[in-house]
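When the letters of the sequence shown are read in order and numbered with the numbering used here, they come out as residues 337 to 641. Even for Gly, the Cβ is constructed at its ideal location relative to N, Cα and C. A quick write-up on the structure given underneath.
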Amino acid sequence: MTENIMIVGTQVAILFVLIAVGFGCSKTKILNDGAVKGIINFMLYIVTPCVIVNSYRREFDPAMLKGLGITLAASFLSHAVNIAIVHLIVHDKDKRRENVLRFGAVFSNCGYMSLPLQNALLGADGVFYGATYIAVFNIVMWTYGVFLMDGGIKSISIKKVFINPGIIGTAAGFLVFLLSVKLPQIIAEPIEYISALNTPLPMIVIGYHLASAKFNIKGAATYISMFFRLIISPVIMLTGLYLCGVRGTILVACVIAASAPCAAATTMFAEKFGGDTTLSAACVSLTTIISIVTMPLIVAAASML
């Protein structure tokens, strides 16, 4: 338990240093709105696919393939259940606020918060399953997430569903794993370098928006959204996997991903699609702080099963 708290606490502290950098860049005018929008597009369309491909660069293993299938099923079901429950319990008169709160409740910070913890507790196998959860996260984010934040079903097209960064990255990564492809150094190293931007850039964007945030956290929907993200969602994942007989690395890796705070993409999508960026930045930051307590407790429970 103490070890988990130290690992999570250290990771959260690192994230807040990065957020402080973005905060300072806003106050000193080093970054402006145009630059931040460019960073967001770079993150969504370039960095994310590289992260997924990089995580699947390993020798093919039939046992890992079976675990990948279990993780895929668990991840899709978890997101589906989250969406159904959130639409029942999270309501706000302001549609822009409601969309942000629902997005934040459904999607966890499964890349920036979870991967370092999965690596520390579970090693390479934990990162592999964590990347699988991220792949599903991206698929759902670029379908349901766009549907939610960009005005409903009219914003979804067949092209958007099947040709987006999440799908492309997942397909490429899966082929790399399935065929045990050894990428040449001239391709592999740039992918690694770009993947390394997966944590700092979103945190800097959040810090940028926090510089103008008023932290006006009000309304029952806000608290319901944050409570669902930090407590209800990971408990659902833990209970569901346990009842299905899943134990060990897969169980813990999935619970880590589900227990992470609101996704940094909440702010990026709010910025991209005209949502409430101030509210999104506040929710991401507050849930990240609270996760110092909630994540170790939930992950410790999963580790003991």
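Rounding to the nearest angstrom, what Cα-Cα distance links residue i and residue j in this structure?
i           : j           : result
residue 343 : residue 365 : 33 Å
residue 644 : residue 394 : Limits of the chain in this structure are 337 at one end and 641 at the other, which puts residue 644 out of reach.
residue 518 : residue 512 : 8 Å
residue 358 : residue 543 : 4 Å
residue 441 : residue 535 : 20 Å
residue 473 : residue 415 : 8 Å
residue 639 : residue 584 : 7 Å
residue 367 : residue 401 : 43 Å
residue 566 : residue 482 : 23 Å
residue 345 : residue 593 : 16 Å
residue 453 : residue 553 : 28 Å
residue 429 : residue 421 : 18 Å
residue 507 : residue 521 : 21 Å
residue 555 : residue 426 : 11 Å
residue 548 : residue 579 : 45 Å
residue 384 : residue 502 : 7 Å
residue 719 : residue 461 : Past the boundaries of the shown model lies residue 719; the chain is included only from 337 to 641, so the question cannot be answered.
residue 419 : residue 485 : 14 Å
residue 533 : residue 569 : 27 Å
residue 470 : residue 403 : 15 Å
residue 591 : residue 634 : 8 Å
residue 523 : residue 386 : 11 Å
residue 477 : residue 347 : 24 Å
residue 372 : residue 499 : 24 Å
residue 557 : residue 417 : 18 Å
residue 617 : residue 398 : 41 Å
residue 636 : residue 599 : 22 Å
residue 505 : residue 370 : 26 Å
residue 667 : residue 641 : As displayed, the chain neither begins before 337 nor continues past 641, which places residue 667 out of reach and without an answer.
residue 339 : residue 451 : 16 Å
Compute the beta-carbon to beta-carbon distance between residue i and residue j, rounded to the nearest angstrom, for a pair I have assumed lies under 8 Å.
i           : j           : result
residue 408 : residue 479 : About 15 Å separates the two Cβ atoms, so there is no contact after all.
residue 389 : residue 509 : 4 Å
residue 458 : residue 582 : About 14 Å; that fails the 8 Å criterion.
residue 396 : residue 514 : 6 Å
residue 597 : residue 620 : 7 Å
residue 595 : residue 562 : Actually they do not touch by this definition, with Cβ atoms about 13 Å apart.
residue 601 : residue 443 : 6 Å
residue 391 : residue 464 : 7 Å
residue 382 : residue 546 : With a Cβ gap of about 24 Å, residue 382 and residue 546 do not count as contacting.
Within the continuous alpha helix (DSSP H) that includes residue i, where are the two ends?
i           : result
residue 517 : Run containing residue 517: none; DSSP gives neither H nor E here.
residue 369 : 369-378
residue 388 : 384-391
residue 394 : Segment: none, residue 394 is in no alpha helix (DSSP H) and carries neither H nor E.
residue 461 : 460-476
residue 439 : 431-442
residue 556 : 556-563
residue 553 : Residue 553 -> no alpha helix (DSSP H), and no H or E assigned at all.
residue 448 : Counting along the chain, residue 448 falls outside any alpha helix (DSSP H), and DSSP gives it neither H nor E.
residue 524 : 521-531
residue 544 : 536-546
residue 482 : 482-485
If we count Cβ pairs, one from each stretch, closer than 8 Å, do we get three or more for the region 573-588 versus the region 437-453? Touching, no, given that fewer than three Cβ pairs across the two stretches are closer than 8 Å.
4 or more residues per run - each alpha helix (DSSP H) lying fully within the region 566-639: 569-579, 584-595, 601-609, all fully within the region 566-639.
Taking one C-beta from the region 622-632 and one from the region 603-612 each time, how about it: are there three or more such pairs within less than 8 Å? Touching, no, given that fewer than three Cβ pairs across the two stretches are closer than 8 Å.
For the structure I just gave you, are there three or more beta carbon pairs, one from the region 532-542 and one from the region 349-356, closer than 8 Å? In the pairwise beta carbon analysis, the region 532-542 is classified as touching the region 349-356: at least three pairs are separated by under 8 Å.
Any chance the region 522-538 sits against the region 399-413, with 3 or more Cβ pairs inside 8 Å? No contact exists between the region 522-538 and the region 399-413.
Quick test of the definition: if touching needs 3 or more C-beta pairs under 8 Å, does the region 611-624 touch the region 416-436? Contact holds: three or more Cβ-Cβ distances are below 8 Å.
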